[in-house]
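S.K.: Got a structure for you, questions after.
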Amino acid sequence: MIRDEIARLVREAARRAQAKGTLPPVAITEVALERPQKPEYGDYASTLPLKLARAARMSPMAIGKAIADELPLVDAIGKIETAPPGFINITLNEKWLAEQVDAIISAEQDFGNLDLGRGERLQIEFVSANPTGPLTAASGRGGALGDTLGNVLSASGYKVEREYYVNDAGSRMEAFYQTVYARYAQALGVAEEVPPEGYHGTYVSDLASETVQEHGDKFLKMPRQQAIDALGKIAIEKMIQAAQRDLADMGVRYDCWFSEQSLYDASLVKKTLEILSERGFTDEREGAVWFTSTSLGEDKDNVLVRSNGVPTYFASDVAYHYDKFFVRAFDRVIDVLGADHQGHVPRMKAAIAALGADPNRLQTIVHQMITLRRCRLDLRMSKRTGDIVSLREVLDEVGADACRFFFLSRSADSQMDFDLELAKRQSNENPVYYVQYAHARIASILRYAGDVEFAQGNVDLLRTEPEQTLIRKMLQFPELIETAATQLEPHHLTYYAQDIAAVFHSFYKQCRVVSDDVELTRARLKLVQAAKIVLAKTLRLMGVAAPEQM
RNA sequence: GCGCCUGUAGCUCAGUGGAUCAGAGCACUGGUCUUCGGAACCAGGUGUCGGGGGUUCGAAUCCCUCCAGGCGUACCA
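Quick look at the structure:
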């Protein structure tokens, strides 16, 4: 991308200045170009002179001049200026900018794609909510983040696999199974109590009656424990399918739904425990098996196998990550977690190190909690009490597009309030509609232009300020992808989408596209076409629809 | 107690390895339209960047500390 190209030129210019002796031979630090916010400072600015000043024992302005003198005036660069206290400001060339419209059109949907990943195999795991209840609105945040990040990383040259870890094993299962059995029995008029540690939400009753409809009372006729297991499995299957539906309706797709139970079935949990043990990272105390993470700098050890012989969730999760790093051997793994699981991160990293892999191959995105409100009241989010707002409800009320956009529009680090009533009431003012409207408007212009043939349009005519501003904004797109991919911060997309929509609307207001001037019409149709490509791609990465009309 | 995250305009929030960092949207007020979609455009900001210290030529950004909130800190997941 052009920014990196210019950074390279600046670095080379500095080296040339050193070769000539106009700049002392000090180490050239990384040339990071900034994007000035004021147009008069150009498109890119280098602070290299300020950074070198101390070591070079020269005034930053003099360094700036020495470097600027060596900068070649390539096609892309229109103007080079040094500005106090020591900036090198670079303005892109108008003609070159105009020509980029053709470049965008020919790149089409590949515009902005990068090759940061070089084909590296990367797995991103997200949501992975317990299947013992419906997905909550909170899962929507993980879904939007994970899916969008997956899109961005794919566009950045990674070979991405998306995965949902299904916790279909472990101690919560039994409580859920018991609950299903009780509700099933109740649906058939048999008195059974939901255990206190069971799941009290009404959805279990719904599941039970559904099962009665499909299977009748046959489970009451078999041995109790057998019935509990059979009913439980049916119910879990239904819950998983519901989760798949919810996420699909939000535009989230997975390559793999990975079963926790399968780790036990394949004896991978056992094997992983053996490896940890062989490598000297386990200890037996009070009848339990511990992972001695303190030896790896952790503040505490963690139980792998309880004194009753049952492995903990942590044990199977270590096995799961063993599978990720050693069996399937992904180069990189990203786990998207809610803040309520943040404590899991350090011990998981320790476990990966203990297994013999570089823990830096695991990255985590810990997103903060969301607080749901309805009519100013906080809503609890617990599956066990059943007092939840489901993702389904949010999708139905707010719509998938607005929902995704909203979840994405804040950095994962910040908590967010989600007032359902507000989200509904404001839906017409939601930024997502502003962005989609810009896309629909573009589509409309292209429809209006009808059969005007503009493939041969001369983009060199696009020299006015609104046109050039739009082009500049489009050229920021690859930089945006890079930021989102390297920082793992998809929220920047929503801001960019609003920016480019605003710049387009402004251009539209000032520049008549289809007019009597045939040549200008063709050139501007090309610009509009390019804007459509960029806007549509931005929306697609976010998983938001780019409507032709609305 | 300890750990992670957060505190920026009335509200919701951006601000990518300091300088060219005081920003956007919403809300509010006032303008713009004889033609391509007005769900639009243009104009309007006196904010101790939670408080206080520190480093520096320069800090919303880095360090320390205090305050406030969220989440962790289980032989739960």
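Each residue of the first sequence is one higher than the one before, counting from 3 in the numbering used here.
Glycine included, each C-beta is placed from N, C-alpha and C at the ideal position.
Quantities reported herein were computed from a predicted structural model and do not represent experimental measurements.
#1: With burial defined as no fewer than 16 other Cβ atoms inside 10 Å of the residue's Cβ, what is the status of residue 362: buried or exposed?
#2: On the premise that residue 203 lies in contact with residue 393, defined as a C-beta separation below 8 angstroms, what is that separation, rounded to the nearest angstrom?
#3: Return the chain-ordered ranges of every beta strand (DSSP E) run that is complete within the region 469–518 and spans a minimum of 3 residues.
#4: In chain order, what residues of the same chain have a beta carbon less than 7 angstroms from the beta carbon of residue 552, not counting five sequence neighbours either side?
#5: Mind pulling the beta strand (DSSP E) runs of 3 or more residues that sit fully within the region 249–300?
#6: I'd like the list of long-range same chain contacts for residue 327, defined as Cβ closer than 6 angstroms, with 5 residues on each side in sequence excluded.
#7: Report the three-state DSSP secondary structure of residue 323 (helix, strand or coil).
#8: Throw me the rounded Cβ distance for the residue 412 and residue 418 pair, which I believe falls under 8 angstroms.
#9: Output yes or no for whether 7 angstroms exceeds the beta carbon distance between residue 137 and residue 88.
#10: Flag this pair as touching only if the region 302–313 and the region 280–293 have three or more C-beta atom pairs under 8 angstroms; answer yes or no.
#11: What residue does the beta strand (DSSP E) around residue 441 start on, and which one ends it?
#12: Below 8 angstroms, can you find three or more Cβ-Cβ pairs linking the region 455–465 to the region 515–524?
#13: Please identify the residue among 98, 69, 172, 336 whose C-alpha is closest to the C-alpha of residue 79.
#14: Using a Cβ-Cβ cutoff of less than 8 angstroms, which residues in the same chain neighbour residue 298 once the five nearest sequence positions on both sides are dropped?
#15: Which one or two residues does DSSP pair with residue 313 in a beta bridge?
#16: Does the beta-carbon distance from residue 159 to residue 128 come in below 7 angstroms?
#17: Following the continuous alpha helix (DSSP H) through residue 156, name the residue where it begins and the one where it ends.
#18: Please classify residue 43: does DSSP put it in a helix, a strand, or coil?
#19: According to DSSP, is residue 11 part of a helix, a strand, or is it coil?
#20: Just how far apart, CA to CA, sit residue 481 and residue 7?
#21: In terms of DSSP beta bridges, what is residue 162 paired with?
#22: Do you know whose CA, among 112, 115, 114, 42, lies nearest residue 84's CA?
#23: By Cβ distance below 6 angstroms, which residues in the same chain neighbour residue 139 in space, the five residues on each side in sequence not counted?
#24: Residue 76: which of 62, 65, 96 sits nearest, CA to CA?
#25: Going straight from the alpha carbon of residue 415 to that of residue 491, what length do you get?
#26: Alpha carbon to alpha carbon, what distance is there between residue 30 and residue 349?
#27: Beta-carbon separation of residue 505 and residue 528 under 7 angstroms?
#28: Suppose contacts are defined by Cβ-Cβ distances below 7 angstroms. Is residue 479 in contact with residue 536 by that definition?
#29: Are the CB atoms of residue 321 and residue 263 nearer to each other than 7 angstroms?
#30: Leaving aside the five residues before and after residue 315 along the sequence, list all residues of the same chain whose C-beta is less than 6 angstroms from its C-beta, in chain order.
#31: Rounded to the nearest angstrom, how far is the Cβ of residue 146 from that of residue 543, given a contact under 8 angstroms?
#32: Take residue 68 and list the residues in its own chain whose beta-carbon comes closer than 6 angstroms to its own, dropping the five residues that flank it on each side.
#33: Of all the options 218, 444, 185, which has the alpha carbon lying nearest to the alpha carbon of residue 208?
#34: Starting from residue 406, trace the alpha helix (DSSP H) in both directions and tell me its first and last residue.
#35: Going by DSSP, what residue range makes up the alpha helix (DSSP H) through residue 420?
#36: Roughly how many angstroms lie between the CA atoms of residue 404 and residue 432, to the nearest whole one?
M.R.: The short version:
#1: As a working mapping, residue 362 is identified with position 360 in the first sequence. By the neighbour-count criterion, in which 16 or more other beta carbons inside 10 Å mark a residue as buried, residue 362 falls on the exposed side.
#2: Residue 393 sits at position 391 when you count from the first residue of the first sequence. Residue 203 sits at position 201 when you count from the first residue of the first sequence. Not confirmed; about 14 angstroms, so no contact.
#3: none
#4: Along the first sequence, one-based indexing puts residue 552 at 550. Correct list, in chain order: 438, 439, 442.
#5: 258–261, 284–287, 290–293
#6: As a first step, residue 327 is located in the first sequence; it is residue number 325 there, counting from the start. Taken in chain order, the residues that qualify are 359.
#7: Position 321 of the first sequence, counting from 1, holds the residue named residue 323. Helix at residue 323.
#8: Taking the first sequence and counting its residues from 1, one reaches residue 412 at position 410. Taking the first sequence and counting its residues from 1, one reaches residue 418 at position 416. About 5 angstroms separates the two Cβ atoms, so the contact holds.
#9: Mapped onto the first sequence, residue 137 falls at position 135. Mapped onto the first sequence, residue 88 falls at position 86. Not a contact, by the Cβ cut-off of 7 angstroms.
#10: The region 302–313, when compared against the region 280–293, does touch it at the 8 angstroms Cβ threshold.
#11: Here residue 441 is taken as the residue at index 439 of the first sequence, counted from 1. Residue 441 -> not in any beta strand (DSSP E); alpha helix (DSSP H) instead, spanning 433–451.
#12: yes
#13: On the first sequence, residue 79 is found 77 positions in, with the first residue counted as 1. Comparing C-alpha distances from residue 79 to each of 98, 69, 172, 336 shows the shortest one belongs to 98.
#14: If you number the first sequence from 1, residue 298 lands on position 296. So the qualifying residues of the chain are 283, 352, 355, 356.
#15: Residue 313 sits at position 311 when you count from the first residue of the first sequence. Bridge partners of residue 313: 307.
#16: In the first sequence, the residue the question calls residue 159 occupies position 157. In the first sequence, the residue the question calls residue 128 occupies position 126. Contact check for residue 159 against residue 128 fails: the beta carbons are separated by 7 angstroms or more.
#17: As a first step, residue 156 is located in the first sequence; it is residue number 154 there, counting from the start. 139–157 is the extent of the alpha helix (DSSP H) around residue 156.
#18: Here residue 43 refers to the residue found at position 41 when the first sequence is read from its first residue. Looking at residue 43 - three-state DSSP - the assignment turns out to be helix.
#19: Stepping through the first sequence from its first residue, residue 11 is reached at position 9. Residue state, collapsed to three classes: helix.
#20: As a first step, residue 481 must be located in the first sequence, where it is residue number 479. As a first step, residue 7 must be located in the first sequence, where it is residue number 5. Distance between the alpha carbons of residue 481 and residue 7: 12 angstroms.
#21: Start at 1 with the first residue of the first sequence, and residue 162 comes out as number 160. According to DSSP, which records beta bridges pairwise, residue 162 is partnered with 124.
#22: Numbered from 1 along the first sequence, position 82 holds the residue referred to as residue 84. Residue nearest to residue 84 within the set 112, 115, 114, 42 is 42 (criterion: CA-CA distance).
#23: By 1-based counting over the first sequence, the position of residue 139 is 137. Within the same chain, residue 139 has close Cβ partners 374, 391, 393, 396.
#24: If you number the first sequence from 1, residue 76 lands on position 74. When only C-alpha atoms are compared, the closest one is 96.
#25: In the first sequence, counting from the first residue as 1, residue 415 sits at position 413. In the first sequence, counting from the first residue as 1, residue 491 sits at position 489. When rounded, the separation of the alpha-carbon atoms in residue 415 and residue 491 is 10 angstroms.
#26: As a working note, residue 349 is residue 347 in the first sequence. As a working note, residue 30 is residue 28 in the first sequence. Looking at the two C-alpha atoms, the distance is approximately 39 angstroms.
#27: Counting from one through the first sequence, the residue named residue 505 turns up at place 503. Counting from one through the first sequence, the residue named residue 528 turns up at place 526. No.
#28: What you label residue 479 is simply residue 477 of the first sequence in a count that begins at 1. What you label residue 536 is simply residue 534 of the first sequence in a count that begins at 1. For residue 479 and residue 536, yes; Cβs fall inside 7 angstroms.
#29: Taking the first sequence and counting its residues from 1, one reaches residue 321 at position 319. Taking the first sequence and counting its residues from 1, one reaches residue 263 at position 261. Not closer than 7 angstroms, so no.
#30: Translated into positions along the first sequence, residue 315 becomes position 313. The residues are 172.
#31: Looking up residue 146 in the first sequence gives position 144. Looking up residue 543 in the first sequence gives position 541. Going by Cβ atoms, the distance from residue 146 to residue 543 rounds to 12 angstroms, so no, they are not a contact pair.
#32: The residue you call residue 68 lines up with position 66 of the first sequence. The residues are 19, 24, 25.
#33: Against the first sequence, residue 208 aligns to sequence position 206. Across the set 218, 444, 185, the C-alpha of 185 shows the shortest separation from the C-alpha of residue 208.
#34: If you number the first sequence from 1, residue 406 lands on position 404. It spans 402–410 - the alpha helix (DSSP H) in which residue 406 sits, taken as one unbroken run.
#35: Translated into positions along the first sequence, residue 420 becomes position 418. Residue 420 -> not in any alpha helix (DSSP H); beta strand (DSSP E) instead, spanning 418–421.
#36: The residue given as residue 404 occupies position 402 in the first sequence. The residue given as residue 432 occupies position 430 in the first sequence. Answer to the nearest angstrom: the Cα atoms are 7 angstroms apart.
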